[in-house]
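S.K.:
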Amino acid sequence: MPHTRAAAHHRYDALLAEWTELLRRCQSAAPDDAPDPVPYGRDLLERWGEPQRRYHTLDHLGDVLARATELTAYADDPDTVALAAWFHDAVYRPDRSENEERSADLARRALREAGVTADRTDEVVRLVRLTITHDPAPGDADGEVLCDADLAVLAGDPASYAAYAAAVREEYAFVPDPDFRAGRAGVLRQLLALPHLFRTPYGQERWERTARRNLTTELELLEA
């Protein structure tokens with residue numbers, strides 16, 4: 430395998446092994462008859478390692494997978510949630526607005542080709558699209574787990590949250606500062622207006638208060 434930016438990541442081998450085990454569990458055919466998961470995993474890891482990314486990176490992928498595992502008890506189908514986590518930002522260009530839709534299309538093509546059933550593939554596609562709004566319907570257990578896992582970064586300690594906010598700004602380096610500040614402030618106000626940032630009981634108990642404090646602090650800094 431050629432040496433690439435993604436392959437140099439310290440978690441590359443572990444993530445590839447995790448993907449391989451996940452896809453094998455989700456393939457409908459016996460292992461000897463199913464497509465090899467490794468090429469699909471390498472393609473995904475290369476996408477997550479693209480140079481335009483500063484926040485939506487392999488680190489973010491690993492964090493979302495870890496948070497989804499932390500929330501496993503709340504999921505109806507943890508493996509489907511994990512597949513959606515792998516694909517949710519697999520297509521990412523900060524200057525485009527259709528990233529989630531293109532990521533969902535990639536999931537549909539890749540998973541069907543890789544031997545995942547149509548029903549499970551459709552559910553992965555639905556979950557990926559849900560990360561546009563992070564607003565799962567009541568009772569959508571898998572949607573709640575994926576969205577909580579994706580937003581858990583908001584509940585980091587002050588240094589971690591500051592690093593997250595700085596990485597988001599770097600991804601949008603092409604946007605002039607006044608425009609970025611206005612746009613980012615709008616996003617923060619929208620999040621703070623939600624009745625709950627997190628939908629699982631675990632997320633509400635462990636992450637909600639800290640996340641709201643972080644968002645409020647960032648908004649105050651932007652508006653200072």
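Using the working numbering, read the sequence shown as starting at 430 and increasing by one per residue.
The beta-carbon is built from N, C-alpha and C at its ideal position, and this holds for glycine as well.
All values derive from a computational prediction rather than experimental measurement.
1. Can you tell me whether residue 582 is helix, strand or coil according to DSSP?
2. Straight-line CA distance for residue 573 to residue 480?
3. With a cut-off of 8 Å on the beta carbons, I'd call residue 509 and residue 552 a contact; round off their distance for me.
4. Can you look up residue 545 in the DSSP assignment and give me helix, strand or coil?
5. What do you reckon, are the CB atoms on residue 671 and residue 590 nearer than 7 Å?
6. How many whole angstroms separate the CB atoms of residue 571 and residue 556, which I take to be in contact at a CB cut-off of 8 Å?
7. For residue 457, does the count of other Cβ atoms within 10 angstroms reach 16, so buried, or fall short, so exposed?
8. Hey, could you find the ends of the alpha helix (DSSP H) residue 590 is sitting in?
9. Secondary structure at residue 456, three-state DSSP: helix, strand or coil?
10. Taking the C-alpha atoms as reference points, what is the distance between residue 578 and residue 439?
11. Could you give the distance in angstroms between the alpha-carbon of residue 604 and the alpha-carbon of residue 624?
12. Given that a residue counts as buried once 16 or more other Cβ atoms are within 10 Å of its Cβ, and exposed if not, what is residue 616?
13. Measuring CA to CA, which of 505, 540, 562 is closest to residue 467?
14. Between residue 598 and residue 607, what straight-line distance do the alpha-carbon atoms span, to the nearest angstrom?
15. Might you give, ordered along the chain, the residues of its own chain that have their beta carbon closer than 7 Å to the beta carbon of residue 651, omitting 5 neighbours on each side?
16. What does the alpha-carbon distance come out to for the pair residue 430 and residue 566?
17. Only counting the same chain, and skipping five residues up and downstream in sequence, which positions put a Cβ closer than 6 Å to that of residue 640?
18. When you compare each of 522, 543, 513 to residue 533 by their alpha carbons, which one comes out closest?
19. Expressed to the nearest angstrom, what Euclidean distance is found between the alpha-carbon atoms of residue 489 and residue 646?
20. Measure the C-alpha to C-alpha separation of residue 634 and residue 462 and round it to an integer number of angstroms.
21. Within the same chain, show all residues whose beta-carbon is closer than 7 Å to that of residue 451, passing over the 5 residues directly before and after it, in chain order.
22. Do residue 554 and residue 581 have their C-beta atoms closer together than 7 Å?
M.R.: For this structure:
1. helix
2. 30 Å
3. 5 Å
4. strand
5. The requested residue 671 does not occur in the structure, where the chain is confined to residues 430 to 653.
6. 6 Å
7. exposed
8. Where residue 590 is concerned, the enclosing alpha helix (DSSP H) stretches over 587 to 600.
9. strand
10. 22 Å
11. 30 Å
12. exposed
13. Residue 540 is the option with its Cα nearest to residue 467.
14. 12 Å
15. 610, 613, 614
16. For residue 430, the predicted model reports a pLDDT of 49, less than 50, meaning its position is unreliable and no value from the coordinates is stated.
17. 583, 584, 626
18. 513
19. 22 Å
20. 45 Å
21. 508, 511, 512
22. Their beta carbons are not under 7 Å apart, which means residue 554 does not touch residue 581 by this criterion.
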